[in-house]
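Following: one structure in C-alpha cells, then a few remarks.
4 protein chains.
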Amino acid sequence: MELIRIGMVGYKFMGKAHSHAYRDLPMFFPHAIKPVMKAICGRDRDAVGQAAQQFGWESCETDWRALVARGDIDLIDINAPSNVHKEIAVAAARAGKHLFCEKPLSVTLPEAREMLKEAERAGVKHMIGFNYRYAPAVQLAKKLVSEGRLGRIYHFRAWFLQDWIIDPQFPLVWRLRKEIAGSGSHGDLGAHLIDLAHYLVGEIQEVIGMSETFVTERPLPDSMTGLSGKGSQDAPKGKVDVDDATLFLARFANGALGSFEASRMAPGHRCTNSFEINGSLGSVKFDFERMNELQVYLTDDDEDIQGFRRVLATDPAHAYMDAWWPPGHTIGYEHTFIHEVLELMNAIREDRQPQPNFADGVRCQEVLEAVERSIAERRWVRMSELSEEELEEGIDR
Amino acid sequence: MELIRIGMVGYKFMGKAHSHAYRDLPMFFPHAIKPVMKAICGRDRDAVGQAAQQFGWESCETDWRALVARGDIDLIDINAPSNVHKEIAVAAARAGKHLFCEKPLSVTLPEAREMLKEAERAGVKHMIGFNYRYAPAVQLAKKLVSEGRLGRIYHFRAWFLQDWIIDPQFPLVWRLRKEIAGSGSHGDLGAHLIDLAHYLVGEIQEVIGMSETFVTERPLPDSMTGLSGKGSQDAPKGKVDVDDATLFLARFANGALGSFEASRMAPGHRCTNSFEINGSLGSVKFDFERMNELQVYLTDDDEDIQGFRRVLATDPAHAYMDAWWPPGHTIGYEHTFIHEVLELMNAIREDRQPQPNFADGVRCQEVLEAVERSIAERRWVRMSELSEEELEEGIDR
Amino acid sequence: MELIRIGMVGYKFMGKAHSHAYRDLPMFFPHAIKPVMKAICGRDRDAVGQAAQQFGWESCETDWRALVARGDIDLIDINAPSNVHKEIAVAAARAGKHLFCEKPLSVTLPEAREMLKEAERAGVKHMIGFNYRYAPAVQLAKKLVSEGRLGRIYHFRAWFLQDWIIDPQFPLVWRLRKEIAGSGSHGDLGAHLIDLAHYLVGEIQEVIGMSETFVTERPLPDSMTGLSGKGSQDAPKGKVDVDDATLFLARFANGALGSFEASRMAPGHRCTNSFEINGSLGSVKFDFERMNELQVYLTDDDEDIQGFRRVLATDPAHAYMDAWWPPGHTIGYEHTFIHEVLELMNAIREDRQPQPNFADGVRCQEVLEAVERSIAERRWVRMSELSEEELEEGIDR
Amino acid sequence: MELIRIGMVGYKFMGKAHSHAYRDLPMFFPHAIKPVMKAICGRDRDAVGQAAQQFGWESCETDWRALVARGDIDLIDINAPSNVHKEIAVAAARAGKHLFCEKPLSVTLPEAREMLKEAERAGVKHMIGFNYRYAPAVQLAKKLVSEGRLGRIYHFRAWFLQDWIIDPQFPLVWRLRKEIAGSGSHGDLGAHLIDLAHYLVGEIQEVIGMSETFVTERPLPDSMTGLSGKGSQDAPKGKVDVDDATLFLARFANGALGSFEASRMAPGHRCTNSFEINGSLGSVKFDFERMNELQVYLTDDDEDIQGFRRVLATDPAHAYMDAWWPPGHTIGYEHTFIHEVLELMNAIREDRQPQPNFADGVRCQEVLEAVERSIAERRWVRMSELSEEELEEGIDR
C-alpha cells in the first residue's frame, strides 16, 4: 500500500497550505507514500468547486458527513474552523479514517480529550498541525537539545507576535470570535509556542498568565476571506471577546523557567514566532521571519571567538534539505507543511503515531486551559490539577 | 488558447526548479495560462524516465531533436549545460517553438547573438532564466528605483559569493570545465549580477576586470550530480580552466559607478547574491540568503529616525505576495521560478516579449565578454567596441 | 558656584566608571558645572591610594565617616556594596551633602524609603545610578513615546541577560551573597529593567514573579575584584543564596502588559539589556550590546516600505551626540555615566532634583520587593499593597 | 623617563580625539608612559586658548614653529589639515621631536617620502594615525589571519561609505578642496582601507581605479567647523575638485584579490568602514558602525552548525579589553585613539618604531598615488613603477 487517499475539510488558508503539501510531496520526497488528493469539502459549492480545481483535488463535497462516509478515502484532513474539529474528527475516527487536524485540536479541553480517546479507540493514526516543528532550523534546535549540546536547559523564552489587527478598524473576523475560535492570540499563536516548548524542553509543571483585549469593539465584517476581511468606518460594531495578547510564565518539570507571549498587537511583527533556549553549555535562537536560520552559541568555542553563529539551515547536514536545493537556497513557510505531511506518510507506513499527534494536541490544550484558568483565578495553576480532574471525571462516568 | 505545452531539455538542478514552477503555477496563479508538462528530454533514458515520473511530465525523450520535432509542443525549455544551448535554441526557434533558456544564454557572445537573431527571425517568444529578478524584494528595489524614490543613482555594488568549492578536494565537475560551462564564477554568478545591474540601473558603458583560479587542479569526479560530485584523495587530477573568482569595475551610461564580484571561494557564503544601490535620495540593500527582505533607507525620513528599514517583502503591497501566504510568511528560492514562469505565460498571452529575454541575455553576454577581454588585455573595454564589431561582422558577411 | 566638589565611596567597577565620568565631563560638556574630584574613599589604604592616583582624585580616605565630615566636599558619590548604601547616604544627607548613589538604592525597601526621606528632609539633591537611561538610543525611545509617536502603549517586554556565572566553578563573589547584594540577578539586572519600564511606560500596578538558583553551591573565592574572582576545583564551597534568574509579569497603570526577565545564566549574552515597546502606532527595540542603535517601526510608513529601521543614534538630532563625534562614530558604555553626571550637574545648577533620583530608586525597590513577595507567596501583588503598608507603618510610628 | 611631553598642532575633530586619548591613557593603562599635555597650537588665539582649557593642555601657541622650538616638548602631534603636515613634520624631526601625524601623511607622495626620510634621518619615533587598526575587533581579525586560522587569503573587500555630503547644498568645506585635502573620499576614507589591507593582508602589487564627483558645485561655506559648515541656497558656489567616490581593484603580492570603495555619497551610511576577508579556512567581516563586533566563520566547525559568529570583542581574550569594562560593555570610536596612543607610548619605551609608522604612511600614499595614476591613465599601475621611479629620482639628485 503506497497510496493514501485524502479527504480534506476546509479550503482557505490552511486548506491551501495542506493541498500544496500533498501536491509537492511526491516530487521532492519520491520515496514517501503518495497522498492522493481525492476530495475536498466545504459548504459553499461554488467556492469549494473552484478550490478543488485550483488545488488539484479529484472531487468535492459540501457535507463533511458525506466525505467521511466515502469508501475511497483513507485519511480525513481537518482544517475547518476550530469549533467543528471535534465532531468531524470523532466521526472520521469512528469511520476508521486516519486523522490530520489543524491546531488547536479543539476549542475546549474536554473536546480535545475526547478526540484523542476516540482516535485511540479507533486505532487510527492521528496527527496535529503544529507545522513549525518542521522548519529545518527548528529541527536543528531539537537535535542540539537532544544530543545534549546545550547542556541542562535553564531558560525557554518564546514570543509569537503579529500585527494584522493593529488597526482598530480591522473587522471582527471569525478569528476574533470566541465561539468559533475558542480564544484569540492565545489559542492561535500561543498554542504553537506551547507545542515548541513541549517539543524542545519537555513537560510544563505550572503556569500563571495575564491577558488583555486592547481593542474591545471592531466593525462587523461584510465578508471574510482567510485572515482578512473588509470593514468600513460606519459599519456596525461588535464586541471582541477573545484576547489580543496573552502572556504567561511557566516552570518545566526539568526545572527550566519559561516565558511565553502571544500578541496580535505588536507593530512591525508580521509573523515573529521566536524562541530562545539557554542551557548550561549553550544557547539557540530562532525567529520564523528568518525561518532558515538558527542562532547557535556554544560555551566551549575558543575563548577569543565566542559568539552566536548564524547557521543557515540549508546544508545537507540539516533535516530535509537534501530534498531541496543546494546550500544557501532557502525555503519558505509552505515547506513546513510538506515536511509535516512527510512525517504523516512515514508514520502510516511505519505503523506508528506521527509526531506531533493528538496526545500532543491535548497536552497543548491542557496548558492553554491552565493558563486561562490561572488568569481567571489570578493564581498559579499546576498541570497536575488538570490531569487529576480528568481522572476524577473519568471515575465519575 | 489557455494552455502552453512545454518540452524541456535537462532534468537536474534547473530542470527540477523549472518543473516545480510549472506544477505550482496553476495553483497559485490560476488566471495565468496553464503550462502543460508534455515532455522532458535527457540522454540517459532511465534517469530521464525517473525524472519524468517524479516531476510530473507526461512523456520523455532522449534526443532533443525528437523533442523539438514534436507537434504537440509549443515551447522548449532549455536547461542543459550551457555549451548546447545554442544548437537546441536555434533548432527550436526554426521549428516555431517559443523559448525559455537558462542563463548564460550561451558560452560565447557570437552564439548568443545568433540565438537572439534566430529567435527574432522566427517570431517566437524568448525568455532567459535570470530568476533573481523575480524575488519580491528585488521587484521592490526595481519599483523604488523606477519611481525615483532613490533619486539619481550613484552606486551599484554587487557580489555573488559562494563556497561550495572551497575544499581543494572538491572534484572537477562540469561547472569547472571551460568547454562545457564557458567560464566559472564569472558566467555562473557574475551573469546574475550583470542582469540585475541592467534591470535596476541600466546600460553599462565600460568595464575592467580581474580574475583568478586559486585551486588550479582538482580530482576528476567519478560521477556528477547537480552541483556536487564525489572525488577521492588519490583520484587523478585535472586542470581547472575556469575562474574561481572574477571582479570588475563598471561605469554605467547614466554616470553611476559599479562594482562587481563573483567568487566560489568565500567561506561562509552559501549563496550570497547581494547588491546595494545608493542614490541621491536613498539606498537599498539585498542579500539572497535573506531573500524576503529589502533594506531601504530614505534621506527624507525624519531626522531623528533615519536608518535602514528591514522591509519584509511579504505584504500584499509587494509583487506576487497576494498569491501566497499572509504577511510575514516567507517564500523561498523556488518561488523566483514560479514568478518567472508567470511572466513567461503572461507575455505569451499578451503577445509581447517576456522580461528578461534573449536580448537581455545578449546584453549580459556582451558584458561577460567585455570583462574577459579587459582581463586578457589588461585595459578598460567600452561596450561600444563590441557593438561596433558586431556591426562590422554583419557588414563583412 | 560653578564647581561641585565630589567625595566618592568605592573604587572598583562603578568607582572607575564614575571617576571617568567626572574626568571627561568638562572636556565634552564644557558649559556644565565642573565636578572636582576631591577625595575617594575605601577601606584598603594601599588600594584606594592607588585608585586615587590612577583615576585622578586629589586625596583619599579610608573611613567614609571622615569623608562625609570633610568641609571641602559638596556631594557624596556612593558606589560601595549595596548593603552599606543606607548608612552612608543618611549620614551624608545629614551633613548637607548632595547624593549620587548607585543602584539598587539599598538592599531592603524600608532602608530605601529611609534614604529618600532623609535626603528630602535634608533638602539635598539626590540621584540614583540608573545609567542606561542615558544611552542616546534610550533617550530616543523616550522621546518617541513622549511625543506620542508610538501611540498608546500595549506591550513592554524586557530582558537583561548575562552569562558571567555560567561556569559552575565561578566563585561565590559578593554579588552572589544575599547579605551584601540583597538579591542576585533580580536586584542587579532586573532593577535596571524596572527603572526603564518606569521611565518609558509609567507606573506598574501589579506583578507576579518566579525565580531560580540553578547552581546552588560555588567555590569560595580566594580574592574578589570587581565582577571576577578566582576559585579552584578543590576549594571549599558555599551556598548561593541569591537568584540566578528572576522573571515576572506586570500590568502597568496605563493598561500596558509587561514581561521582565533577568538572568545571569544565558550563554552568549554578555550584557543583553534589551527591551521592546509596542504601541498602537509603532514599536521600538533596544539591545545594549548594540547600544548606539534603536530599532524603530511606524505604522504610518508607506505600505510598501514598512519595516523596523535601524537608527544609529549618533546624529546631531540625538541626545548628547553634538558633544561627541560626527555621525556614525559610536560611543560606549562609559558614556552613559558621563551623560548621567551631566544631568546631575545640571540639576544642581537648576536647583531641581536630577532624574532619576531616590524617589525613582524607591519606586524600583518597591517593585523588586513586590516581585519577591509574589514569588514567596505565589500570588499577584499589587503595588498599592506596599504603599498602604508604608502609610500604616508611618501611622504606627 | 616615564613622561612624554606632547605638543599638538590642530584642535578640531582630530585634535579633540587625540587630546582625549592623552587624558584617558593614564587612567586605563596606568603602566604606560604618561603623556603630558604640554602645549596645543592653532592660528586663532582665542579658539586655541579655549581648546587648551577645554581639553586640558597646559599652554598654547599660535605658531607651530614656536611650538617645535620649545625645549619642553618631546613629541609633536600633527593633526592640522593635510597640506601642512610635511612642513611641520620635517621641522619637528629636525628639532629631534618624536612625531605622531594624522593620515594621510601628506597630500603628495614625494612629500610623504620626504617626511619618512627626515624622520629616519633624525632617528625619532614616528607614528601615523590609522586608528581603525586599534579597534579590538580589528585586532582580532589580525590575530586570526596571523595565526593562520583563516588559511591562505583569497579575498579582501573593503568599503568605507559615508553620506555627510549627500545634500547638494552641503557647503564646500576644506575637505572638498584639493589644494588643502589632497583628494576627497580617496585620501580621507580610502586611505584607511588601504592601511587595513596592508595590515591584514600584505603588500599590494597592482591597482586600477575609477572615480567620480557627482556634485560638481557646492555653496561656499560661511564658516567651517570640523566636518560641518553652513551654507545657504543663494550662496555663491565653488567647484568641487576632489572625488566624491573612488573605487579600485587590486592584486596583492600573496595572490589575494582586493576590492576597494570609498564614497561620501552613500545614503544611510554614516561611517561604514567595512571589510571582509575570505581565506581557505575561514572568513571575517567587520563594520565600524558595529565596531565591537567581528563576524567569524571557520570551515572546520561541525557541519551542522557552520555559520558566521558574531563575536563581541569585549572579552578579556580580546586586545585591550582587560583595561576597560566587563564583557559585553562596549567601547566607542574614541577608544581607538587611546589604544593608538598606548602603542605610541609603548614603542617609545621599547625603543622601536610604533605601528603603523611613516613607512606605512608612505606605503599607503603610494597606493593612493598609484590609484590616481591608474585613473588618469586608464590602465593598471604596478606598485613597482612607483618604487623604481623613486630610485631613479634618488639617482638623479
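Protein chains in written order, with the UniProt record's numbering: chain A, 1 to 397; chain B, 1 to 397; chain C, 1 to 397; chain D, 1 to 397. Virtual Cβ for every residue (Gly too), placed ideally from N, Cα, C.
Spanning the alpha carbons of C/Phe170 and C/Arg218 requires a straight line of approximately 7 Å. Bounds of the beta strand (DSSP E) holding B/Pro35 are Lys34 to Cys41.
Between the beta-carbon of A/Pro354 and that of A/Lys125 there is about 6 Å, and that keeps the pair under the 8 Å contact cut. Per DSSP, reduced to three states, the secondary structure at C/Gly187 is helical.
Taking a contact to require three or more Cβ pairs closer than 8 Å, the region 144 to 158 of chain C and the region 253 to 262 of chain C qualify as touching. The beta carbons of D/Asp234 and D/Thr213 sit no closer together than 8 Å. Interface annotation for the region 13 to 27 of chain A against chain B: Phe13, Lys16, Ala17, Ser19, His20, Arg23, Asp24, Pro26 and Met27, criterion Cβ-Cβ distance under 9 Å. Interface with chain D (8 Å Cβ-Cβ cutoff): B/Arg251 is included. Excluding five sequence positions before and after C/Glu366, the CB atoms of its chain that fall closer than 7 Å to its own CB belong to Leu109, Met383 and Leu386, given in chain order. Looking from the CA of A/Glu389, the closest CA among A/Ala370, A/His18, A/Ile375 and A/Gly15 belongs to A/Ala370. Contacts between C/Thr299 and chain A, judged by CB atoms closer than 9 Å, involve Asp163, Ile166, Asp167, Pro267 and Gly268 in chain order. Selection C/Arg309, C/Phe28, C/Cys271 and C/Phe252 evaluated against A/Gly268 yields C/Arg309 as nearest (Cα-Cα). Taken atom to atom, the span from the alpha-carbon of A/Met27 to that of B/Gln54 is near 5 Å. Contacts between A/Leu312 and chain D, judged by CB atoms closer than 8 Å, involve Gly307 in chain order. Cβ neighbours of D/Glu102 within its own chain (closer than 6 Å, five residues either side excluded): Met14, Asn79 and Gly129. From the beta-carbon of C/Ala317, the residues of chain B found nearer than 7 Å are Glu303 and Asp304.
Taking each of A/Arg177, A/Trp324 and A/Val201 in turn and checking the Cα distance to A/Phe275, the smallest one comes out for A/Val201. About 12 Å separates the Cβ atoms of C/Arg152 and C/Ser283, ruling out a contact at the 8 Å cut-off.
Against A/Gly282, the close residues of chain C are Pro267, in the order they occur along the chain (beta-carbon pairs closer than 7 Å). Assignment of beta-bridge partners to A/Tyr297 by DSSP yields A/Ser283. By the rule that beta-carbons nearer than 8 Å mark a contact, D/His192 does not touch chain C. Contact note: D/Leu140 reaches chain A through Asp304, using a C-beta cutoff of 7 Å and chain order. C/Asp304 and B/Leu312 have their C-alpha atoms roughly 9 Å apart.
Non-local C-beta neighbours of B/Val145 in its own chain, meaning closer than 6 Å and more than five positions away in sequence, comprise Leu200, ordered along the chain.
The C-alpha of B/Val215 is placed about 15 Å away from the C-alpha of B/Lys178. Within the same chain, Cβ atoms closer than 7 Å to the Cβ of A/Arg45 are found at Thr62, the five residues on either side in sequence being excluded. Leaving aside the five residues that flank D/Val240 on each side, the residues in its chain whose CB is nearer than 6 Å to its CB run, in chain order, Leu176, Thr213, Thr216 and Arg218. For B/Ala245, the neighbours in chain D by C-beta distance under 8 Å run, in chain order, Tyr154, His155 and Leu257. Annotation: the continuous alpha helix (DSSP H) that includes B/Cys364 extends over Phe358 to Glu377. Taking C-beta separations shorter than 7 Å and ignoring five residues to either side along the sequence, the partners of B/Lys142 in its chain run Tyr199 and Leu200, following chain order. Across the region 39 to 57 of chain A, CB contacts with chain B closer than 7 Å involve Gln54, Phe55 and Gly56, in sequence order along the chain. Against chain B, a Cβ distance below 9 Å from D/Ser384 picks out nothing, because the smallest value is about 15 Å. DSSP places D/Phe130 outside both helix and strand once states are collapsed to three, so it counts as coil. Rounded to the nearest whole angstrom, the C-alpha separation of A/Ala66 and A/Glu87 is 13 Å.
It is roughly 9 Å from the alpha-carbon of A/Glu340 to the alpha-carbon of A/His18. DSSP links D/His98 through a beta bridge to D/Leu75.
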